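Notes follow the structure.
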Amino acid sequence: MSPTPLLHPDIGHPLVFGWPRDIPLPSLITDSFPANALYPIRLLQIIIGPNMDAAADAALHLFLGTRLVPNLECVSVVFHAGSFTPHRLSRVQQYLGPSCVWSEIRVLDPTLQTETTTIQVINHGQPMHFWFLVIPADGIDERLANDLSASSASLNLKIIPPLSPQTFLNHYDLILSRLIDALRSTTHLQRLSFPLDFLLKDAKAAEVVFDILRSQPQLEELELHVPAAMDLDAEGTRVAVNELAKTFTLESRFLSRLKRFAVPVRFIRTRLLSIGNNPASCVRD
15 MSPTPLLHPD IGHPLVFGWP RDIPLPSLIT DSFPANALYP IRLLQIIIGP NMDAAADAAL
75 HLFLGTRLVP NLECVSVVFH AGSFTPHRLS RVQQYLGPSC VWSEIRVLDP TLQTETTTIQ
135 VINHGQPMHF WFLVIPADGI DERLANDLSA SSASLNLKII PPLSPQTFLN HYDLILSRLI
195 DALRSTTHLQ RLSFPLDFLL KDAKAAEVVF DILRSQPQLE ELELHVPAAM DLDAEGTRVA
255 VNELAKTFTL ESRFLSRLKR FAVPVRFIRT RLLSIGNNPA SCVRD
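For the working numbering, add 14 to where a residue sits in the sequence shown, where the first one is 1.
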């Protein structure tokens with residue numbers, strides 16, 4: 015289980031603004047990626063919910079003006095997407111003084127199941143930036159490539175199963191092209207996770223995707239999940255499964271460079287069980 019950071023010693027609990035009592039609070043730390051090493055021991059957590067109004071904004075601004083804030087070293091701010099605005103973000107950021115060496119801004123959309131997290135760490139006086147992005151497969155649009163190309167942060171991209179499997183299948187070619195454009199738009203990809211539907215439906219998709227991934231200088235982890243929209247046991251899919259398993263074997267030299275490679279067990283062949291010094295991980299079907 016992920017360790018829970020200790021909250022700021024002068025406060026002891028998250029500060030919550032505009033969050034309904036009948037809706038569970040979000041996790042104190044993102045559980046979408048293995049980013050625990052980035053989390054500090056102590057931080058102030060601010061949660062800004064969907065019900066922000068003038069009174070809630072006034073309470074937030076009043077707190078941000080207290081003596082505690084200028085001396086904070088680590089701050090995490092979680093926004094519900096319904097309350098995330100450039101103005102609120104700016105107001106929060108202007109109170110993070112020079113003493114702040116670690117900051118996280120996380121925006122959650124429970125309806126669309128998206129999550130975007132940016133983390134800045136000051137290391138020996140130099141800022142380091144990390145971007146964690148979670149998006150459903152059928153939520154990939156043409157803006158993703160532009161967003162990725164505009165960022166220099168180390169990118170951790172997790173594509174989760176589509177909200178509507180049928181919509182994904184109906185628009186597969188378009189969604190695949192958007193994913194390929196997004197992967198080509200950045201050279202800062204650190205972790206990538208997506209369902210195998212992308213590679214099974216089009217025989218050439220794996221070749222194109224791996225060509226792109228081989229040119230990613232920062233890529234450390236690749237995790238491929240059980241298809242969400244396709245039946246692996248369907249007669250028409252079995253051939254695609256075998257062909258994709260062969261592709262993984264052919265890519266064993268590239269995969270051996272990664273710190274972690276995870277794939278469903280039925281795609282593992284003997285040669286892939288041990289790739290270099292890094293044995294392939296298995297994700298159960």
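Note that the Cβ used here is the ideal one computed from N, Cα and C, for glycine as well. Just so it is clear, the structure is predicted and the values come from calculations on it, not from any experiment.
Comparing C-alpha positions only, which one of the options sits nearest to residue i?
| i | options | result |
| --- | --- | --- |
| L233 | L171, Y186, R35 and S191 | L171 |
| L3 | Q180, F31 and Q59 | Only positions 15 to 299 of the chain appear in this structure, which leaves residue 3 out of reach. |
| F146 | I43, N184, F224 and P278 | I43 |
| T130 | A217, H94, H185 and A164 | H94 |
| F268 | I149, L74, L158 and D225 | D225 |
| L39 | A72, L57, R105 and D123 | D123 |
| N256 | R280, S178 and S266 | R280 |
| V115 | L246, L57 and A254 | L57 |
| D152 | D216, L227, S41 and P209 | P209 |
| A113 | D216, P141 and I119 | Sequence inspection shows Ser at residue 113; the Ala mentioned does not correspond to that position. Comparing Cα positions, the closest option is P141. |
| F212 | R192, N137, L78 and I37 | R192 |
| I133 | D245, S166 and A69 | S166 |
| K218 | A72, D187 and V240 | D187 |
| G63 | L86, P28, L169 and P150 | P28 |
May I ask you to report which of helix, strand or coil DSSP gives residue i?
| i | result |
| --- | --- |
| H94 | strand |
| A196 | helix |
| H239 | strand |
| I119 | strand |
| K129 | Position check: residue 129 holds Glu in this sequence, whereas Lys was assumed. The answer is strand: DSSP assigns E129 an E or B state. |
| D299 | Below a pLDDT of 50, predicted positions are generally treated as unreliable, and D299, at 49, falls in that range; no measurement from the model is reported. |
| I189 | helix |
| P100 | helix |
| H27 | coil |
| L42 | coil |
| L214 | helix |
| L269 | helix |
| N256 | helix |
Residues bridged to residue i by DSSP?
| i | result |
| --- | --- |
| C114 | DSSP, once it has assigned bridges, lists no residue as partnering C114. |
| N137 | Q140 |
| R205 | N170 and E235 |
| L58 | V89 |
| F146 | T131 and N170 |
| F275 | L236 |
| L21 | L57 |
Under the rule that 16 or more other beta-carbon atoms within 10 Å means buried, what is residue i, buried or exposed?
| i | result |
| --- | --- |
| S97 | buried |
| V89 | buried |
| Q108 | exposed |
| I154 | buried |
| P150 | buried |
| A159 | buried |
Contact between the region 173–181 and the region 197–204 (3+ Cβ pairs under 8 Å): Judged by Cβ distances under 8 Å, the region 173–181 makes no contact with the region 197–204, as fewer than three pairs qualify.
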